[in-house]
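K.L.:
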Amino acid sequence: MLHEWPDETCLKILENCKIAISNKDKEGKVIIVDMVVDLQKEHEALETQLSFDMMMNTLTPGGERTKKDWAKLFSAAGFTSYKITPILGLRSLIELFP
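105 is the number that my numbering gives the last residue of the sequence shown; the numbers go up by one with no jumps.
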């Protein structure tokens, strides 16, 4: 999960993923399962997400990201589009396309 890493490290990881899936013969996608802070509107869910963010910021160099934070990271890594689908609990399925 990318929430454990700072933006600079995530950018390098995503750039390498983009290179790996951008082949002339075929085109793939990157799948990420992670938290997207602003997708959950319920008070309790948002509280939980913010608690995770605080924990990630104290224990690791990473943190939870909003949809806007993710979009900025994906764009910087060279991805042309993405799709975020909320799944079980606080996590979302994120698909990146070259």
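Using N, Cα and C, we set each Cβ at its ideal position, and we do this for glycine too.
How would you label Ile94, buried or exposed, when you count the other beta carbons within 10 angstroms and need 16 or more for buried?
P.N.:
The residue in question, Ile94, is exposed, as its Cβ has fewer than 16 Cβ neighbours within 10 Å.
K.L.:
If you run the structure through DSSP and keep just helix, strand and coil, what is Leu18?
P.N.:
Residue state, collapsed to three classes: helix.
K.L.:
Where Asp76 and Ser29 are concerned, what is the direct C-alpha to C-alpha distance, given to the nearest angstrom?
P.N.:
Taking the straight line joining both Cα atoms gives about 23 Å.
K.L.:
The beta strand (DSSP E) with Ser29 in it runs from where to where?
P.N.:
Ser29 -> no beta strand (DSSP E), and no H or E assigned at all.
K.L.:
In its own chain, which residues sit with a C-beta less than 8 Å from the C-beta of Phe86, not counting the 5 before and 5 after it?
P.N.:
Here the set comprises Leu21, Lys25, Val37, Leu103, Phe104 and Pro105.
K.L.:
Per DSSP, Glu34 is paired with what?
P.N.:
Paired residue(s): Ser29.
K.L.:
Quick one: does the C-beta of Thr92 sit closer than 6 Å to a heavy atom of the ligand COA?
P.N.:
Among the components of this structure there are no ligands whatsoever, and the ligand COA is therefore not found.
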